[in-house]
Amino acid sequence: MAAMLDAFASSLARILAETAKEEVEALLGVPGEISRLEATLGDLRAVLSDAERARDRDAAVDRWVRELRDAMYDADDILDECQAAEGGEAATPVAMAGCCCCFRGVRVPALSCFRDPVRAREIGKRVRALNRRLDGIERRSSRFGFVSQTRIISSSPSPCCSRRADSGDGRRTAPGLIRSDVVGEKIAEDTRMLADILVSKTTDLDDAGGGCNLIPTIAVTGAGGIGKTTLARMVFGDATVQESFDARIWLFVGRDADEVTMLRSAIAHAAGAASCEDLAVAGDKALLERALQRAVTHRKVLLVMDDVWSDAAWNELLRVPLSHGAPGSPILVTTRNDGVAHRMKVRYLHRVDKLRRQDAWSLLKKQIVLNKSDEAELDELEDIGMQIVDRCDGLPLAIKMIGGLLQCFVYCSLFPRGEVIESRTIVRMWIAEGFVQDSTGSGLPEAVAAQYYKELVLRNLLDPSDGYYDQLGCTMHDVVRSFAQHVAKDEGLAINEMQKQTIGDALGTLKFRRLCISNKQVEWDALQRQVSLRTLILFRSIVTKHKNFLNNLSCLRVLHLEDANLIVLPDSICHLKHLRYLGLKGTYISALPNLIGNLRFLQHIDLCGCINVSELPESIVRLRKLRSLDIRHNVDGHPAFRSLRRLVLEDYACCDRLPGGLGQLPYLDYLWIEHAPSIEHVSHDFILPPVGIAVDGNAPSTTTTTTKTEGAGIAFPRLKRLGFQGMLRWASWDWDEHVQAMPALESLTVESCKLNRLPPGLVYHTRALKALVLTNAVSLESVENLHSLVELYLADNPKLEMVVNCSSLTKIEILRCPELKAFDRLPAVRSIVWEDLDADTLPGYLQEAKDASSEEWRSVRHVQQLKVFGFKPQSETSECYFLYTKEPYHVETNISKA
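Residue numbers (the UniProt record's numbering): 1 to 898.
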């Protein structure tokens, strides 16, 4: 369908944009050809939407679209080979310091690229041939009279959520309206009504507001994702509203409002962006307030404050400078909290309701189709669509998320009915297929993909399966699967034992990119014709002996053979140069091919349940892109693991200890341990090799004594990020001061455990530690002596009493830590945010905050900014707060000393 092809075209455009074209062209001997490829694909992408509208009623257009799709996939393969042609063994540090070029956004040393000139020339010929082919496709497009669509390129918000609003949020600036976000008569009616209130009735309120000419007129309220901002945008852009005001100001406020940013944005809206740039002191709040006052004086102004969490942004910041506007200047506020609206003294409260069922179905269709033909086909599946709508509970944001996660959602429909879709498996497949793009710059696609998975669960598109911890295993409902398979069209096909036709008959003459076969005998002759396959998944299928059954499937990115009767993995797998994911879960193989190291792009290997595998080939150390290796066995001392850079250990449900010797993996920079509920104690073996095993994984010589503290050097020498999550019984961690380890550790996360103290070795050796996250550490009592620590996040730690002697700590966030009473020797702290929405009151010493003699107050009063919030959940009006700013000095609180 259109949305699927457009998503792939967008991904390909991003890859080309990130490629250092001149360097690659020089290395391939094809000057100008990569740039030409990018330009041609961009031109063709601009007519893709119109072509999609016509393809179902015109067979010639349908063939044209299919040819364009094939060419785009071939372009992706060629770009892959450009990176693979880097060639040779790992570059030396000297070579790595030389000239570099970029493939797919990855820097590689140019001096080591294309060591095989014959191969480079061959790739260059393919680039030229592809350009000639695309030229022909472009010339033929003129016959159809496609209308070119001008595209405004923008970064869509990621499905990943964060606790802080991103500075790049499109809601922070004057809003543009995406028409596909708007459906139904109700929103049009509400827009007209609210616009009428703003334009016609504010004249009746000119003398209200205690001298303030800007009056809080309307509050649009409702749950998150229900459409408050969309309605506000409709009103803001209404033609009558635009004509009725001298200036319109749109401010995104958010939970952590930045006062300077809001003032500058307000000035830019009221007087033009140049007015902000002309200010001599951009960060001077007083100067900005006066500039805003001048910008609105005697002018009729409409102010929209979007996503307001507190009345402070209005009452304490904007009310005074904006009071100089002309009489009758209104305010429209969007907020989830009616209490905020009441405290701002708004005149009209408008609650946004969930979408009507038919409107929700229309919105869902808009996220998927680009043409009337597709819409007509989807109308045939209205019953299925309505069930999906019901699962989204009428929330527009939930429905729109289906469009944003479309590729990942559709991919899940390959799994057969009743098959558990495990998070760790599907996210690796998404990454291998290139569906996961990290717009945050975190460099951890697994984290982004895991958030995609959670979003699908949250939107009721995946159903959690019993027996899986934290919803990490799900199934897909039949109606949802039918819907997703319809969206996929001929991009993918799932064949199961219920289908009586043979695999060959099911495949026919169509060219599929993704194929899943479950519980059937595999006819390899039929598969040989599917040369464009990028994903092949087999569940419990009978694999006949066929030595070269993978020979023609050279485009595979994902190969998953689960519980197949496979005994020997053919050597032909080593020729799958694009392969990124290899899943052999539950097969009978005893070894991987010796040349597995030739698979330059291989990122994930799953050998879980392969009970016959006793060793790994030495060539595995050449897999420089390997991100995970799941063997669910003891990895103690195995030399094949020494080149691992990323290791995730999940679902150690029955293991009572962590693997030993992990600290001796010299290149490991990321280690995450999740769901190991039986582990109560982490011993020195976690860092050092077990007794009797030397660092290189071999038996120690008879002349050398290997001890736990000698001969091991520095453990975890390159580890930068470490996480322990879901180790519910974990109470102690052995790491003495004399054991050197983790000198490069920058981030540590400890979540859901009984750990009663941080080990001395952590305090003594982690001199690079900058960020510490402690969540639900139910027995931890203190955080102290971490002198490199800069940021500390504490949540749901019921026994935590003090944070002491962290000399570099600048930022602390606290959520529900009721016993926390002491801050001491924290000279660098600049910001503390403390929130406990379940508390009956705030810490007692804050009630004495204005008493400079208070011992507790003296320990925190040097902080530049302190924000503390709490309220009893049964009553909105019982909110209590304490706000303190050192310079300029300001203390405000509604806490009584009683």
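Think of the CB as a built atom: it goes at the ideal place given N, C-alpha and C, for glycine as much as any other residue.
CA-to-CA distance, residue j to residue i, given in whole angstroms
i	j	result
Val891	Leu251	26 Å
Ser49	Ala9	11 Å
Val301	Ala257	21 Å
Ser701	Trp672	Because Ser701 carries a pLDDT of 35, less than 50, the predicted location of this residue cannot be relied on, and the following value inherits that uncertainty. If you take the alpha carbons of Ser701 and Trp672, they lie about 33 Å apart.
Arg264	Pro760	47 Å
Met262	Lys867	19 Å
Asp470	Val648	16 Å
Arg192	Arg347	17 Å
Ile693	Leu658	Unreliable placement is indicated for Ile693, whose pLDDT of 33 sits below 50; the coordinate value is still reported in the next sentence. One C-alpha to the other measures close to 16 Å.
Val24	Pro117	13 Å
Val436	His675	24 Å
Phe512	Leu550	16 Å
Gly723	Lys770	14 Å
Lys585	Gln530	24 Å
Leu826	Val783	12 Å
Ala432	Thr240	50 Å
Phe236	Leu363	21 Å
Ala450	Ser423	7 Å
Arg721	Arg233	41 Å
Phe716	Leu292	54 Å
Ile567	Leu592	11 Å
Ser465	Cys408	19 Å
Asp606	Ser541	18 Å
Continuous alpha helix (DSSP H) stretch holding residue i: start and end
i	result
Met234	Lys228 to Phe236
Ile123	Pro117 to Phe144
Ile503	Ile503 to Leu507
Asp525	Trp524 to Gln528
Thr425	Ser423 to Glu433
Leu456	Pro445 to Leu458
Arg481	Asp478 to Ala488
Leu762	Pro760 to His765
His560	Premise fails: His560 lies in the beta strand (DSSP E), Val558 to Glu562, not in any alpha helix (DSSP H).
Thr240	Ala239 to Ser244
Cys412	Leu406 to Cys412
Bounding residues of the beta strand (DSSP E) (the contiguous stretch that carries residue i)
i	result
Met802	Met802 to Val804
Ser518	Arg514 to Ser518
Phe724	Arg721 to Gln725
Thr749	Ser747 to Cys753
Ser581	The sequence given here has Tyr at residue 581, not Ser. Tyr581 to Gly583 is the span of the beta strand (DSSP E), which, as asked, contains Tyr581.
His604	His604 to Asp606
Tyr348	Tyr348 to Arg351
Tyr670	Tyr670 to Glu674
Thr775	Ala771 to Ala777
His890	His890 to Thr893
CB-CB length for residue i against residue j, believed under 8 Å
i	j	result
Ala768	Ala744	5 Å
Thr230	Leu134	The pair is not a contact, with the Cβ atoms about 39 Å apart (cut-off 8 Å).
Phe601	Arg627	Not a contact, Cβ separation roughly 11 Å.
Asp238	Ala270	Their Cβ separation, rounded to whole angstroms, is 19 Å, which puts Asp238 and Ala270 out of contact at 8 Å.
Leu332	Val304	5 Å
Cys817	Leu794	5 Å
Leu719	Met742	5 Å
Ala313	Val253	5 Å
residue 904	Ser831	Absent from the structure is residue 904, since the part of the chain shown begins at 1 and ends at 898.
Glu813	Lys799	The Cβ separation is near 18 Å, so there is no contact.
CB contact check: residue i to chain D, cutoff 9 Å
i	result
Leu318	Going by chain labels, chain D is absent from the structure shown, which holds only one protein chain.
**OP:** Please determine if the stretch 471 to 487 and the stretch 502 to 514 are in contact, where contact requires at least 3 C-beta pairs separated by less than 8 Å.
**Re:** no
Original post:
Which parts of the stretch 263 to 332 are runs of the alpha helix (DSSP H), unbroken and 4 residues or longer, counting only runs that do not cross its ends?
Top reply: 273 to 277, 285 to 296 and 319 to 322
**OP:** Could you name each continuous beta strand (DSSP E) segment of 3 residues or more that falls completely within the stretch 794 to 830, going from the start of the chain to the end?
**Re:** 802 to 804, 811 to 815 and 822 to 824
Subject >> Cβ contact (3+ pairs, closer than 8 Å) linking the stretch 47 to 61 and the stretch 24 to 35 >> reply: no
Original post:
So does the stretch 666 to 685 actually touch the stretch 721 to 735, counting three or more Cβ pairs closer than 8 Å?
Top reply: yes
Subject >> Uninterrupted alpha helix (DSSP H) stretches inside the stretch 23 to 68 (no shorter than 4 residues) >> reply: 33 to 46 and 48 to 55
Subject >> Three or more C-beta pairs below 8 Å linking the stretch 390 to 397 and the stretch 486 to 497 >> reply: no
Original post:
Is the number of C-beta pairs between the stretch 238 to 247 and the stretch 410 to 429 that are closer than 8 Å three or more?
Top reply: no
Original post:
Does the stretch 561 to 571 come close enough to the stretch 444 to 461 that 3 or more CB-CB pairs lie under 8 Å?
Top reply: no
Original post:
When the Cβ atoms of the stretch 347 to 359 are set against those of the stretch 315 to 324, are three or more pairs found closer than 8 Å?
Top reply: no
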